[in-house]
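The sequence shown lines up with residues 299 to 672 when you count with the numbering used here.
Worksheet for the structure shown next.
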Amino acid sequence: MREGTKTSPKTIIVDLAERSYPIHIGSGLLSGAGELLAQHIGAGRIVIITDETVASLHLTSLMSGLVGGQIETIILPPGEATKSFDVLQDVLDQLLRANFTRDDTLVAFGGGVIGDLTGFVASILKRGCNFVQIPTTLLAQVDSSVGGKTAINTPAGKNLVGQFYQPKCVLIDTDVLATLDDRHMRAGYAEVLKYALINDPGFWGWLDANAGAVLSRDETALRTAIATSCTAKAAIVKRDEFERGERALLNLGHTFAHALEAVARYSGSLLHGEAVSAGMLMAFEYSEILGLCASEDVEQLRTHLTQHKMTMLPGLPTKLKIDPGALLAFMERDKKNTRRDINLVLTRGIGKAFIHRAADKTSLLKFLKKACKS
Numbered sequence: 299m300r301e302g303t304k305t306s307p308k309t310i311i312v313d314l315a316e317r318s319y320p321i322h323i324g325s326g327l328l329s330g331a332g333e334l335l336a337q338h339i340g341a342g343r344i345v346i347i348t349d350e351t352v353a354s355l356h357l358t359s360l361m362s363g364l365v366g367g368q369i370e371t372i373i374l375p376p377g378e379a380t381k382s383f384d385v386l387q388d389v390l391d392q393l394l395r396a397n398f399t400r401d402d403t404l405v406a407f408g409g410g411v412i413g414d415l416t417g418f419v420a421s422i423l424k425r426g427c428n429f430v431q432i433p434t435t436l437l438a439q440v441d442s443s444v445g446g447k448t449a450i451n452t453p454a455g456k457n458l459v460g461q462f463y464q465p466k467c468v469l470i471d472t473d474v475l476a477t478l479d480d481r482h483m484r485a486g487y488a489e490v491l492k493y494a495l496i497n498d499p500g501f502w503g504w505l506d507a508n509a510g511a512v513l514s515r516d517e518t519a520l521r522t523a524i525a526t527s528c529t530a531k532a533a534i535v536k537r538d539e540f541e542r543g544e545r546a547l548l549n550l551g552h553t554f555a556h557a558l559e560a561v562a563r564y565s566g567s568l569l570h571g572e573a574v575s576a577g578m579l580m581a582f583e584y585s586e587i588l589g590l591c592a593s594e595d596v597e598q599l600r601t602h603l604t605q606h607k608m609t610m611l612p613g614l615p616t617k618l619k620i621d622p623g624a625l626l627a628f629m630e631r632d633k634k635n636t637r638r639d640i641n642l643v644l645t646r647g648i649g650k651a652f653i654h655r656a657a658d659k660t661s662l663l664k665f666l667k668k669a670c671k672s
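Below, the structure written as structure tokens:
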């Protein structure tokens, strides 16, 4: 990948009637960010919210692409702990003291943490203001920057306080992935893999043959993986924006994953995508135990994850002893649940995910105990 080499972007539309917006995907897009964003934002100030890591690597490039107008920055600590009430309050206070108006625009420039936090700020500041997403991790590019989910974490669990609030546009520059370490690339790849496992066995076949190219940042493979993922998510969001049904499928493995993250206390020792990788395999394994999924499909997924050094149980990078009872307690608080029931996204095989309602807690706890020991 040649950083800074600009290519014509591929554009995917998230079709939500009057709230529709484009996803621009290409290389070298930061240098033309002002031109790409001009048609989607007003003439007011631009406030870039980012973290220290992204700022040190890419903020100068973005600023050079946003020439003209008043541009300000808020730079936050990196890591999942930034998605907190304390940081939310601090960012709101800074914007209000600066008399941020609804004619101004917030730019979320970072990974999923920055995107989720900035989107939530935009949704509640002065009852809603403009924001755009410029994601800088593979995970954010293929998942969290698209679809309007915003949130912060609480001690009770992940993403339990938030809103559905759509950006004005998403700008995905594949060049920024050149500075992403291999661990974060694998974490992002888990979310790419998710789209294949949900309902696209053809994409699974392509990934099984091309995952190495994606993870090594081959530009053609990356653009294909990102565009396929964003197209899949845009289609589901169009049909079910507020997750009343089908959109819950995008949480394949996530109920397990969010519980693992909560047990790890959002310390950074377990990345979201690492938890998703482990969680998706757990969803397949539990589906097999329930007689829903053939062992061959589970083994195919396990082999793929092993081949590409993805995270699984056991062997989490937390090096923590995972308590099955604690996992179940966090799963009981998951936002997809209804009443006191645990709703899971399970599978009948690769490309055949479905929503399994009212999971049996005794069976689930037995599975968690086995998974944590094996």
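Glycine included, C-beta positions come from ideal geometry on N, C-alpha and C.
Should residue i be labelled buried (16 or more other beta-carbon atoms within 10 Å of its own) or exposed?
i           : result
residue 394 : exposed
residue 345 : buried
residue 447 : buried
residue 501 : buried
residue 540 : exposed
residue 358 : exposed
residue 380 : buried
residue 368 : exposed
residue 318 : exposed
residue 307 : buried
residue 302 : Its pLDDT being 49, under 50, residue 302 is placed unreliably by the model, and nothing is read from it.
residue 300 : Low confidence applies here, because residue 300 scores a pLDDT of 46, under 50, leaving its location unreliable; read the following figure in that light. Residue 300 should be labelled exposed.
residue 396 : exposed
residue 660 : exposed
residue 375 : exposed
residue 601 : exposed
residue 594 : exposed
residue 586 : buried
residue 637 : exposed
How close, in whole Å, do the beta carbons of residue i and residue j come, if the pair is a contact with beta carbons under 8 Å?
i           : j           : result
residue 610 : residue 560 : Their Cβ separation, rounded to whole angstroms, is 19 Å, which puts residue 610 and residue 560 out of contact at 8 Å.
residue 652 : residue 644 : 6 Å
residue 626 : residue 666 : 6 Å
residue 490 : residue 478 : Rounded, the Cβ-Cβ distance is 14 Å, inconsistent with contact.
residue 538 : residue 325 : Contact flag wrong, Cβ pair sits at about 32 Å.
residue 475 : residue 515 : 6 Å
residue 657 : residue 640 : 5 Å
residue 590 : residue 646 : 5 Å
residue 360 : residue 407 : 6 Å
Taking the alpha-carbon of residue i as reference, which of the options has the nearest alpha-carbon?
i           : options               : result
residue 373 : 411, 551 and 637      : 411
residue 620 : 568, 479, 512 and 404 : 568
residue 431 : 441, 423, 422 and 424 : 441
residue 605 : 405, 507 and 391      : 507
residue 469 : 451, 413 and 479      : 413
residue 649 : 634, 426 and 548      : 548
residue 467 : 333, 656, 522 and 325 : 333
residue 423 : 392, 603 and 586      : 392
residue 371 : 356, 348 and 354      : 348
residue 327 : 501, 352 and 362      : 362
residue 316 : 656, 637, 543 and 536 : 536
residue 454 : 557, 641 and 546      : 557
residue 546 : 592, 401, 655 and 597 : 655
residue 330 : 438, 473 and 463      : 473
residue 321 : 464, 565 and 574      : 464
residue 528 : 601, 460 and 437      : 437
residue 571 : 554, 586 and 587      : 554
residue 435 : 409, 452, 459 and 586 : 409
residue 281 : 526, 343 and 457      : Residue numbering for the chain in the displayed model covers 299 to 672; residue 281 lies beyond these limits and cannot be assessed.
residue 599 : 525, 564, 642 and 509 : 509
residue 404 : 323, 375, 335 and 439 : 335
residue 399 : 382, 425 and 407      : 425
residue 452 : 354, 565 and 323      : 565
residue 378 : 524, 628, 450 and 458 : 450
residue 668 : 628, 503 and 622      : 622
residue 323 : 544, 552, 461 and 439 : 439
residue 596 : 578, 607 and 612      : 578
Would the C-beta of residue i count as close to the ligand GDP, meaning under 6 Å from any of its heavy atoms?
i           : result
residue 325 : Among the ligands in the structure shown, none appear at all, so the ligand GDP cannot be discussed.
With a cut-off of 7 Å, does the C-beta of residue i fall near any C-beta of chain B?
i           : result
residue 602 : Included in the structure is just one protein chain, with no chain B present.
| query | Which runs of the alpha helix (DSSP H) fall wholly inside the stretch 518-599 and span at least 4 residues, in chain order? | reply | Within the stretch 518-599, the complete alpha helix (DSSP H) runs of at least 4 residues are 552-561 and 570-587.
| For the stretch 367-403, which segments carrying the beta strand (DSSP E) assignment without a break, of at least 3 residues, lie completely within its bounds, in sequence order? | Restricted to the stretch 367-403, the beta strand (DSSP E) segments that are unbroken, complete and at least 3 residues in length are 369-374, listed in chain order.
| message | With three or more C-beta pairs closer than 8 Å as the rule, is the stretch 417-434 touching the stretch 335-353? | response | Yes, since at least three Cβ pairs between the stretch 335-353 and the stretch 417-434 fall closer than 8 Å, the two stretches touch.
| Between the stretch 413-423 and the stretch 375-395, do at least 3 Cβ pairs fall closer than 8 Å? | Output reads yes: the stretch 375-395 touches the stretch 413-423.
| Counting pairs of beta carbons, one from the stretch 519-534 and one from the stretch 312-322, are three or more of them closer than 8 Å? | A contact exists between the stretch 519-534 and the stretch 312-322.
| query | Quick one: complete beta strand (DSSP E) runs, 3+ long, within the stretch 414-446? | reply | The qualifying runs are 428-433.
| task | Taking 8 Å as the threshold, find out whether the stretch 570-590 comes into contact with the stretch 484-497 through three or more Cβ pairs. | result | Cβ pair count under 8 Å is three or more, so yes.
| query | Could you give the uninterrupted runs of the alpha helix (DSSP H) lying entirely in the stretch 606-668, keeping only those of 4 residues or more? | reply | Segments of the alpha helix (DSSP H) lying fully in the stretch 606-668: 622-629.
| task | Please determine if the stretch 481-488 and the stretch 627-634 are in contact, where contact requires at least 3 C-beta pairs separated by less than 8 Å. | result | Not touching, per the Cβ criterion.
| message | So within the stretch 439-514, which uninterrupted alpha helix (DSSP H) runs reach at least 4 residues, ignoring any that extend past its ends? | response | If we require 4 residues or more, the alpha helix (DSSP H) runs fully inside the stretch 439-514 come out as 480-497 and 499-513.
| Ordered list of beta strand (DSSP E) runs contained in the stretch 302-362, each at least 3 residues | Runs of the beta strand (DSSP E) inside the stretch 302-362: 308-312, 319-324 and 344-349.
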